[in-house]
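K.L.:
Please read through the structure below; I'll follow up with questions.
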Amino acid sequence: MSSQRPVNAQLRSHIDKDGKLTVDIEQSAVPALADDEVLVEIEAAPINPSDMGAIFGVSSISTFDAMGEGLDRRIVAQMPPAALNRFAGRLGQNIYPGLEGCGVVVDAGNSTGAKALSGRRVSVTGSGMFAKYRAVRVEDCLPLPDDVTAVQAASAFVNPLTALGMIETAKADGHKAMLFTAAASSLGRMVRRLCDREGIAFIGVVRGDSQVEMLRADGVVHICDLKSPDFSEQLIAALSATGATLAFDAIAGGEIVNEILRCMEMVAVSEMAAFNRYGSSKQKQLYIYGLLDTAPTVLKRDFGFAFGINGWLLFHFLGRISPELRKELNQKVIDGLKTTFETEYGAAISLEDMLKPENIRAYLSRGTGGKYLVMPKGPTRL
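Residue numbering for the sequence shown follows the UniProt record's numbering, starting at 1 and increasing by one per position.
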């Protein structure tokens, strides 16, 4: 690359001390690379649920004020005063969202590892992937086979490694079955495919007839519909049939956590030979991995004393595993990009079109099968 650095365009989110949110596209020269860095021209980056909070905080779309056009477009909104303590750590700072993406290495630092990636298409992770260019460390790049496209590899990090991590978590504790909420999501379908491969029984919790039919078409046997008036009965039947005492929940808010544990306890108690005032001794474990419902998590404590409720985050999991296991999981991702870890997108948009109000409404709706793909060089047919 010439000594004159290209001009970058990158999505930026800023909340000031008074709670004013500004989301715009920062334009600046690409900085010089460190020895162990490469410059990736981003071809595609997905908008994941975890990105939305980084972009918009908890501001309401009804308060958004859009102005400007193209790369000069920006969104201004007001954060609720009650939420400012939650975001105290980022007030006055610029945040650059985008956890993952895919692109081509167009410049490299001086290290051997960096130079080896020159010209290669790579999957990348970190932050700030909603950009035309991104400087990343060599260790945060996953070199891809020549026959893998940018669209196929755009989501090669968050969901695939999360799915693999959840399976590793289940296996480590000896579980032979699991319950999974938001089971019709891209992540849910990946986990289900891995469960089939590993011989782990899968209970899919979804919302509505269309999602039930989607899981049935995928061959899922145990399906529970949150919208059904007999949801609890469906849940008890599925738990009884599979013996599942492990759950991964993406909802968190309301009573869903309590209901899952309560139904697990009901099944366990029904199998006890004698009454015990403290309930069953069968350990029930629920991991919260999402926040689809931001209401408080309500626990009525009617599920005995043998239980655990923990958060599950990919970055915590990756921090605990060995380099050898991480390398093994990365290879599984590469091998499964066109099968197990295939991701469907609802639409592709350009970087500047991320801030069009109609697009914001669409990708904030988080509908199943509606994941948006940002393509900074211009959207192509998916």
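Note that beta-carbon positions come from the ideal geometry of N, C-alpha and C, so glycine has one too.
Remember, it's a predicted structure, so these values are computed and weren't measured experimentally.
Can you name the start and end residues of the beta strand (DSSP E) that Tyr-372 belongs to?
P.N.:
For the purposes of this step, residue 372 is taken as the residue at position 372 of the sequence shown. 372 to 374 is the span of the beta strand (DSSP E), which, as asked, contains Tyr-372.
K.L.:
Pick helix, strand or coil for Ile-223, following the three-state DSSP scheme.
P.N.:
The sequence position of residue 223 within the sequence shown is 223, counting from 1. The answer is strand: DSSP assigns Ile-223 an E or B state.
K.L.:
Can you round the beta-carbon distance between Met-123 and Leu-144 to whole angstroms, since I take them to be within the 8 Å contact cut?
P.N.:
On the sequence shown, position 123 is the one that residue 123 refers to. On the sequence shown, position 144 is the one that residue 144 refers to. What sits at residue 123 in the sequence shown is Ser, not Met. The Cβ separation is near 6 Å, so the contact holds.
K.L.:
Going by DSSP, which residues form a beta bridge with residue 447?
P.N.:
Residue coverage of the chain in this structure runs from 1 to 382, which leaves residue 447 outside it and unanswerable.
K.L.:
Note the first and the last residue of the continuous beta strand (DSSP E) segment covering Leu-246.
P.N.:
Working through the sequence shown from its first residue, we reach residue 246 at position 246. Note, Leu-246: beta strand (DSSP E), 246 to 249.
K.L.:
Would you call the region 271 to 280 and the region 161 to 168 in contact, with 3 or more CB pairs under 8 Å?
P.N.:
No, the region 271 to 280 does not touch the region 161 to 168.
K.L.:
For Ser-2, which of helix, strand or coil comes out of DSSP?
P.N.:
Taking the sequence shown and counting its residues from 1, the one referred to as residue 2 is at position 2. The predicted model places Ser-2 with a pLDDT of 49, which falls under 50 and marks its position as unreliable, so this point remains unresolved.
K.L.:
Hey, how far is the Cα of Gly-311 from the Cα of Leu-291?
P.N.:
As a working note, residue 311 is residue 311 in the sequence shown. As a working note, residue 291 is residue 291 in the sequence shown. Cα-Cα distance, rounded: 11 Å.
K.L.:
Give the single residue among Phe-305, Leu-318, Leu-299, Arg-301 whose Cα lies nearest to the Cα of Gln-283.
P.N.:
Translated into positions along the sequence shown, residue 283 becomes position 283. Checked all of Phe-305, Leu-318, Leu-299, Arg-301; the closest Cα to Gln-283 is Phe-305.
K.L.:
Determine, using beta carbons only, whether Arg-262 and Phe-303 come nearer to each other than 8 Å.
P.N.:
Locating residue 262 in the sequence shown gives position 262, counting from the first residue. Locating residue 303 in the sequence shown gives position 303, counting from the first residue. Yes, the Cβ-Cβ distance between Arg-262 and Phe-303 is below 8 Å.
K.L.:
Output needed for Ala-347: all residues of its chain with C-beta closer than 6 Å, excluding positions within five of it in sequence on either side, in chain order.
P.N.:
Taking the first residue of the sequence shown as position 1, residue 347 is located at position 347. Closer than 6 Å at the Cβ level, and outside the excluded window around Ala-347, lie Tyr-372.
K.L.:
Do you know offhand how far Ser-2's Cα is from Ser-111's?
P.N.:
Looking up residue 2 in the sequence shown gives position 2. Looking up residue 111 in the sequence shown gives position 111. Low confidence applies to Ser-2: its pLDDT is 49, below 50, so where it sits in the model is not reliable enough to give any reading.
K.L.:
First and last residue of the beta strand (DSSP E) that includes Pro-80?
P.N.:
Locating residue 80 in the sequence shown gives position 80, counting from the first residue. Run containing Pro-80: none; DSSP gives neither H nor E here.
K.L.:
Going by the DSSP bridge assignment, what does Met-67 pair with across the sheet?
P.N.:
The count along the sequence shown starts at 1 and reaches residue 67 at position 67. Bridge partners of Met-67: Arg-74.
K.L.:
Taking Ser-280 as the reference, which of Tyr-289, Ala-268, Leu-286, Ile-288 has the closest Cα?
P.N.:
The residue given as residue 280 occupies position 280 in the sequence shown. Out of Tyr-289, Ala-268, Leu-286, Ile-288, Ala-268 has the C-alpha closest to the C-alpha of Ser-280.
K.L.:
Take Gln-78 and list the residues in its own chain whose beta-carbon comes closer than 8 Å to its own, dropping the five residues that flank it on each side.
P.N.:
As a position in the sequence shown, residue 78 is number 78, starting the count at 1. Only Gly-19, Lys-20, Leu-21, Ser-59, Thr-63 meet the Cβ criterion.
K.L.:
Relative to the alpha-carbon of Phe-157, which residue among Glu-342, Gly-113, Pro-323, Asp-353 has its alpha-carbon at the smallest distance?
P.N.:
Along the sequence shown, one-based indexing puts residue 157 at 157. That would be Glu-342, whose Cα lies nearest to the Cα of Phe-157.
K.L.:
Flag this pair as touching only if the region 25 to 33 and the region 356 to 367 have three or more C-beta atom pairs under 8 Å; answer yes or no.
P.N.:
With a cut-off of 8 Å, the region 356 to 367 and the region 25 to 33 do not count as touching, because too few Cβ pairs lie within range.
K.L.:
At the level of alpha carbons, what is the spacing between Val-40 and Leu-142?
P.N.:
Taking the first residue of the sequence shown as 1, we reach residue 40 at position 40. Taking the first residue of the sequence shown as 1, we reach residue 142 at position 142. The alpha-carbon atoms of Val-40 and Leu-142 are separated by roughly 12 Å.
K.L.:
Could you give the first and the last residue of the continuous beta strand (DSSP E) run that contains Lys-115?
P.N.:
Numbered from 1 along the sequence shown, position 115 holds the residue referred to as residue 115. It is not in any beta strand (DSSP E) - Lys-115 instead sits in the alpha helix (DSSP H) that spans 112 to 116.
K.L.:
If you count every other CB in all the chains shown that lies within 10 Å of the CB of Gly-378, and 16 or more means buried, which is it?
P.N.:
In the sequence shown, counting from the first residue as 1, residue 378 sits at position 378. Gly-378 should be labelled exposed.
K.L.:
CB Ile-203 to CB Phe-231, shorter than 8 Å?
P.N.:
On the sequence shown, position 203 is the one that residue 203 refers to. On the sequence shown, position 231 is the one that residue 231 refers to. No. Outside cutoff.
K.L.:
Assuming Thr-340 and Arg-193 are in contact, meaning their beta carbons sit under 8 Å apart, how far apart are those beta carbons, in whole angstroms?
P.N.:
Translated into positions along the sequence shown, residue 340 becomes position 340. Translated into positions along the sequence shown, residue 193 becomes position 193. Confirmed, Cβ separation roughly 5 Å.
K.L.:
Within this structure, are the beta carbons of Glu-255 and Val-298 separated by less than 8 Å?
P.N.:
Working through the sequence shown from its first residue, we reach residue 255 at position 255. Working through the sequence shown from its first residue, we reach residue 298 at position 298. In contact: Glu-255 and Val-298 (Cβ atoms closer than 8 Å).
K.L.:
At which residues does the alpha helix (DSSP H) containing Thr-242 begin and terminate?
P.N.:
Taking the first residue of the sequence shown as position 1, residue 242 is located at position 242. From DSSP, the alpha helix (DSSP H) with Thr-242 extends over 231 to 242.
K.L.:
Just curious, the alpha helix (DSSP H) that Asn-310 is in, first and last residue?
P.N.:
On the sequence shown, residue 310 is found 310 positions in, with the first residue counted as 1. Where Asn-310 is concerned, there is no enclosing alpha helix (DSSP H), although the beta strand (DSSP E) it sits in stretches over 307 to 311.
K.L.:
Rounded to whole angstroms, what is the Cα-Cα separation between Phe-315 and Ala-183?
P.N.:
To locate residue 315, count along the sequence shown from 1; it is residue 315. To locate residue 183, count along the sequence shown from 1; it is residue 183. Answer to the nearest angstrom: the Cα atoms are 21 Å apart.
K.L.:
Please name the residue in Thr-294, Val-106, Arg-320, Arg-197 whose C-alpha comes closest to that of Gly-253.
P.N.:
For the purposes of this step, residue 253 is taken as residue 253 along the sequence shown, with counting starting at 1. The candidate whose alpha carbon is nearest that of Gly-253 is Thr-294.
K.L.:
What residues in its chain sit with their C-beta under 6 Å from that of Ala-201, if we drop five residues either side in the sequence?
P.N.:
Here residue 201 corresponds to residue number 201 of the sequence shown, with the count starting at 1. Only Ala-177, Thr-242 meet the Cβ criterion.
K.L.:
I'd like the ranges of any alpha helix (DSSP H) spanning at least 4 consecutive residues and lying wholly in the region 139 to 184.
P.N.:
Entirely contained in the region 139 to 184, the alpha helix (DSSP H) runs reaching 4 residues are, in chain order, 150 to 153, 158 to 172.
K.L.:
Look at the alpha carbon of Asp-173 and the alpha carbon of Cys-224, and state the distance between them as a whole number of angstroms.
P.N.:
Mapped onto the sequence shown, residue 173 falls at position 173. Mapped onto the sequence shown, residue 224 falls at position 224. Cα to Cα, Asp-173 sits roughly 24 Å from Cys-224.
K.L.:
Expressed to the nearest angstrom, what Euclidean distance is found between the alpha-carbon atoms of Leu-71 and Glu-213?
P.N.:
Position 71 of the sequence shown, counted from the first residue, corresponds to residue 71. Position 213 of the sequence shown, counted from the first residue, corresponds to residue 213. Looking at the two C-alpha atoms, the distance is approximately 41 Å.
K.L.:
How many Å lie between Ser-186 and Asn-48 at the Cα?
P.N.:
Here residue 186 is taken as the residue at index 186 of the sequence shown, counted from 1. Here residue 48 is taken as the residue at index 48 of the sequence shown, counted from 1. Rounded to whole angstroms, Ser-186 to Asn-48 spans 10 Å at the Cα level.
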